[in-house]
Structure formats: C-alpha cells, structure tokens
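Taking it in order: structure first as structure tokens, then the write-up.
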Amino acid sequence: VGHSDNVLEYYLEQRAEIAEKLRSTDEIDSDIERSFFSYLLLASALIEELTTETVLNELFREEARLDSITEHVRSMGHAKRLEKLCDIQILTGGDHGSLVEVKERRNNLVHDAQKRAGLDELESRREVAQILEQTDRCASVLLTISGKNIE
C-alpha cells in the first residue's frame, strides 16, 4: 500500500463534499471556498504521490526495494518525475500539460493570500465545476497509469 492510497481516500471524501455543496447552493460562499482549496491541495498531493509511485514502479522496479532509490525519486521534484514519465512514453504531452496546470494552480493558491480561496477569478459555479472536472481527469490519468483505477 503506497502513500497515495491514504491521500486518495481523503481526496474522494473532499471531492464528494464540495460536489454536494455546489449542488445545494446557488452562490459560492466561504464554505465552498474552503472546500475548494482543500480539494486542490489534496488533488495535488494525490497527483504527486501517484507520480512518485509510478516512476518507482516503471523505472526502478527492482531498485524500489532500496530506500536510497525511493528517496532519490522523491527528491527529484514533481516536474522531473512528470518529465521522466513523458520520456518513457507513459504520459502524453497533453496530460503532462494538464498535470502541470494543476500544480501551478495549487502553488498560486498556497503562495498568494489573495488567491487563497482559489475563486477570485472564478465568476460562477460552472467554472468551479470545470476546474473540478479538469483536476479529476488529471488524477484519473495517474490512477489509471498506476493501476489504481476507481469507478
């Protein structure tokens, strides 16, 4: 069981929570903003964990039993891990770009207090829903690649 399994559980709970809140209200309030921010952080963490596990499984299958190679892969950084998956043609260019967007959105939210809620540029529930769908697609790509498909 990898680290991603624990993150996946929280991700699914948070996803269900924000989807329910969006269905039950016409406005984007502070409760939805908090849920949205939490969801993006969990999605980013899930994507990073799945990327790490996939690189270890695809490139360093035998060596993965050694702690040193695991630490090496974890320390190489998310962008480098995504690049490795592209190099061995496990990840397409389009998927790579989408995954980078999720990471950039997360970084912008974490480092900019005014954007912390993530909704300052979003004008409607439809835009929030579109970001949720795009982020879910990114997570789904890595869940499929890693063999952890869920329905």
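Per this note's numbering, the sequence shown starts with residue 13, numbered consecutively. We put the CB at the ideal spot given by N, CA and C, even for glycine.
- Residue environment analysis places R93 among the buried positions, since at least 16 neighbouring C-beta atoms fall within 10 angstroms of its C-beta.
- Per DSSP, R73 lies in no alpha helix (DSSP H) and is assigned neither H nor E.
- Under the three-state reduction of DSSP output, E61 falls in the helix class.
- S158 places its beta carbon 9 Å or farther from that of T82.
- The C-alpha of I59 is placed about 10 Å away from the C-alpha of V112.
- Inclusion of L144 and R27 in the CB contact set at 9 Å is warranted, their separation being smaller than that value.
- Excluding the 5 residues flanking it on each side, S110 has same chain C-beta neighbours closer than 8 Å at Q146, R149, C150, V153, in chain order.
- In this structure, DSSP gives K160 a state outside helix and strand, which the three-state scheme calls coil.
- D99: member of the alpha helix (DSSP H) spanning 90-99, first to last residue.
- The C-beta distance from V114 to S56 rounds to 6 Å, short enough to fall under 8 Å.
- If you check the CB distance, I100 and E61 do not come in under 9 Å.
- Judged by DSSP in its simplified three-state form, E113 adopts helix.
- For the options A91, E95, L68, D107, the alpha carbon positioned closest to that of H84 is the one of L68.
- S87 sits exposed, since fewer than 16 C-beta atoms from the chains shown fall within 10 Å of its C-beta.
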